[in-house]
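Using the working numbering, the first residue of the sequence shown is number -3, and each one after it goes up by one. Glycine included, every Cβ here is placed at the ideal spot set by N, Cα and C. Bear in mind the structure is a predicted one, so any value in this text is a computation, not a measurement. What follows is one structure encoded as structure tokens, with my remarks underneath.
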Amino acid sequence: MKDYLSTTEAARILGVGTSSIKRWCEAGEIDCIKTPGRHRRFKREVIEAFRKSRDQKISQNKAELIRFPSEHFSNERAVIAWTDMLLEKHSLANLELELLAEHSNLGSWWRVAKSIEAVLGECDRRLKNSELSNLDIKLFEQRLIRVLGNLGRYMSLRPSAHNALLMMAEGSDESSLRLYFSELILNEAGVGTFFAGQGLSAIEAGEACMSGKYSALLVDSNMSDRADNDLLEQAKYLEAACSQGQVTLLLSGGDAWPEKGRSSVRITSYQDLVDYADSIASVR
């Protein structure tokens, strides 16, 4: 069957994983035959025609994004186009370039973060409709985390004695994604950060807040990561430590966080983070 390609060979031509090939076959988007051993085989001309059609679709999506750069969050066509394009970016370098281009289009990292929130929402919709697998989304989130980590390293702002925010996350990739975007947003707004990421305990964070080295502590957690009572208890402990160290406590993520405490601020959106950074700038 020299005129036919295996699933792996077809995936290599299209620049995707074999799971994508299988999904497109099951959806009827790519025709194939099956061998007696139940292996899929594809005519080369069918794969080449699909590649050309897909490349044309991606080009149209890019044009769609250019026409609607400020409407990523509310325009359904733009969200779908942006999602399709980012899911195709298996190369970390290409994904990084797309995020930098998005920053250039939208003018700020908090808007890029909001755009990615819309993409993740579209990914969740596709997962529920069996258009994407959980593995597809996990791999995409990990690529985003790695790219945002790289951007944070060479765009970071050096903290000062009165402008040093410690950042920590608990739980899932979703918390890590928010924290990486938060770092870019804060640095862009002139707030220096120390990125602790996951693994820092509440006790260690509390001791850090009482050390006098930090001006604020940002903690991000998903509601599903911990029981509501655990989050409330953690918030009380950290608020007491931050109050003693005269440090502002910023709580984002989990719905169980208290709305507002004596020394804590509830962060419910990236815009809240921008407002916090602006309030610091106004008193410097």
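Own chain residues within Cβ distance below 7 Å of residue i, not counting five before or after
{"i": "E179", "result": "G148, M163, T189 and F191"}
{"i": "R36", "result": "T3, C21, C28 and K30"}
{"i": "E98", "result": "V108 and S111"}
{"i": "L88", "result": "R139, R142 and V143"}
{"i": "G267", "result": "It is Gln, not Gly, that sits at residue 267 in the sequence shown. These residues qualify, in order along the chain: W106."}
{"i": "D(-1)", "result": "K39 and R40"}
Rounded straight-line distance, which links the Cα of residue j to that of residue i
{"i": "S16", "j": "A7", "result": "8 Å"}
{"i": "I181", "j": "S104", "result": "8 Å"}
{"i": "D271", "j": "F38", "result": "54 Å"}
{"i": "E229", "j": "W253", "result": "9 Å"}
{"i": "L175", "j": "A109", "result": "11 Å"}
{"i": "I199", "j": "G241", "result": "14 Å"}
{"i": "L234", "j": "S111", "result": "31 Å"}
{"i": "G11", "j": "S171", "result": "30 Å"}
{"i": "A201", "j": "A237", "result": "9 Å"}
{"i": "K18", "j": "N90", "result": "24 Å"}
{"i": "Q52", "j": "M81", "result": "12 Å"}
{"i": "E94", "j": "P32", "result": "43 Å"}
{"i": "S265", "j": "N101", "result": "21 Å"}
{"i": "S129", "j": "L123", "result": "6 Å"}
{"i": "I9", "j": "G117", "result": "29 Å"}
{"i": "R34", "j": "E72", "result": "39 Å"}
{"i": "L1", "j": "R40", "result": "6 Å"}
{"i": "A273", "j": "L161", "result": "11 Å"}
{"i": "E203", "j": "S248", "result": "20 Å"}
{"i": "D226", "j": "L213", "result": "18 Å"}
{"i": "R262", "j": "L246", "result": "6 Å"}
{"i": "T284", "j": "I276", "result": "The chain is shown only over -3 to 280; residue 284 falls outside these bounds and no answer can be derived."}
{"i": "S197", "j": "K232", "result": "14 Å"}
{"i": "D132", "j": "K48", "result": "23 Å"}
{"i": "E60", "j": "R50", "result": "Legend: pLDDT at E60 = 49, less than 50; position of this residue unreliable, value from coordinates given subsequently. So the two alpha carbons sit approximately 15 Å from each other."}
{"i": "I43", "j": "L83", "result": "19 Å"}
{"i": "L96", "j": "C119", "result": "21 Å"}
{"i": "N125", "j": "E92", "result": "28 Å"}
Beta bridge counterpart(s) of residue i as assigned by DSSP
{"i": "D216", "result": "A165 and S248"}
{"i": "L1", "result": "F38"}
{"i": "A201", "result": "DSSP lists no partner for A201."}
{"i": "F191", "result": "M163"}
Limits of the alpha helix (DSSP H) - the one that residue i falls within
{"i": "V187", "result": "Note, V187: premise wrong, no alpha helix (DSSP H); not H, not E."}
{"i": "D120", "result": "W105 to K124"}
{"i": "G33", "result": "That residue, G33, is in no alpha helix (DSSP H); it is neither H nor E in DSSP."}
{"i": "I76", "result": "E72 to E84"}
{"i": "K18", "result": "T14 to E22"}
{"i": "E25", "result": "Per DSSP, E25 belongs to no alpha helix (DSSP H) and is neither H nor E."}
{"i": "E127", "result": "No alpha helix (DSSP H) holds E127; DSSP gives it neither H nor E."}
{"i": "L88", "result": "L88 to L102"}
Endpoints, beta strand (DSSP E) assigned at residue i
{"i": "V261", "result": "S260 to I263"}
Sequence-distant residues of the same chain with beta carbon closer than 6 Å to residue i, five excluded per side
{"i": "D169", "result": "E137"}
{"i": "R63", "result": "Per-residue confidence for R63 stands at a pLDDT of 46, beneath the threshold of 50, marking its modelled position as unreliable; the derived number appears in the next sentence. Answer for R63: no residue qualifies."}
Close Cβ partners of residue i (< 8 Å) along its chain, the five nearest in sequence each way excluded
{"i": "K134", "result": "D169"}
{"i": "G193", "result": "M163, M164, A165, S172 and L175"}
{"i": "T14", "result": "T3, T4 and A7"}
Q: Indicate whether the contact test is met: 3 or more Cβ pairs, each with one atom in the segment 133 to 140 and one in the segment 192 to 212, closer than 8 Å.
A: With fewer than three CB-CB distances shorter than 8 Å, the segment 133 to 140 does not count as touching the segment 192 to 212.
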